[in-house]
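*Asks:* Before we start, here is the structure in question, set down as structure tokens.
In my numbering, the protein residues as written are 25 to 167.
So this is what it looks like as structure tokens:
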């Protein structure tokens with residue numbers, strides 16, 4: 025097993041969270057060839073990929089992003105994960121490293137496209153409701 029440069033991991037996350045799923049899959053295959061299929065680091069990356077692609081909103085990747093977008097700083101996220109793993113019996117080191125690496129670069133990655141869509145839907149529904157109220161007010165005032 026060889027080491028994988030963080031820039032390759034960052035590229036994978038950038039493609040994944042930008043919604044370029046087939047390119048992210050190719051990037052993940054490259055990482056798999058470098059690390060090996062049984063690498064804990066690769067398996068954690070695959071888990072992140074699988075959870076994201078299958079829209080598993082209860083997964084840690086979505087919860088991590090939601091907390092980050094809600095204003096939790098990455099040092100807090102990093103320390104919480106580290107504390108959680110410190111209390112686990114024999115935590116898988118490569119697995120933990122994968123998540124710590126994600127947290128360390130989270131502010132350099134694009135906001136996941138699946139979460140951007142939600143924000144846009146909320147914004148447009150607020151606009152629609154406000155717009156409808158304004159139209160009703162205009163109609164009432166013209167009568």
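C-beta atoms are modelled at their ideal positions from N, C-alpha and C, and glycine is treated no differently. Note that the structure is a prediction, hence the values are computed from the model and not measured.
Hey, would you say residue 33 sits closer than 8 Å to residue 110, going by beta carbons?
*Replies:* No; because the gap between Cβ atoms is not below 8 Å, this pair is not in contact.
*Asks:* Let me make sure I understand the geometry here. Which of 87, 129, 28 and 120 has the alpha-carbon closest to that of residue 60?
*Replies:* That would be 28, whose Cα lies nearest to the Cα of residue 60.
*Asks:* So, for residue 73: in the same chain, excluding its five sequence neighbours on each side, which residues have a beta-carbon less than 7 Å away from its beta-carbon?
*Replies:* Answer for residue 73: 40, 48 and 52, listed in chain order.
*Asks:* Within 10 angstroms of its Cβ, does residue 136 collect 16 or more other Cβ (buried), or is it exposed?
*Replies:* The residue in question, residue 136, is buried, as its Cβ has 16 or more Cβ neighbours within 10 Å.
*Asks:* Could you spell out the range, first to last residue, of the alpha helix (DSSP H) harbouring residue 64?
*Replies:* First-last of the alpha helix (DSSP H) with residue 64: 64-77.
*Asks:* How long is the line joining the alpha carbons of residue 31 and residue 133, rounded to whole angstroms?
*Replies:* So the two alpha carbons sit approximately 12 Å from each other.
*Asks:* Please give the ranges of any beta strand (DSSP E) in the region 77-130, keeping only runs that are unbroken, at least 3 residues long and fully inside the region.
*Replies:* Those beta strand (DSSP E) runs which fall completely within the region 77-130 and span 3+ residues do not exist here.
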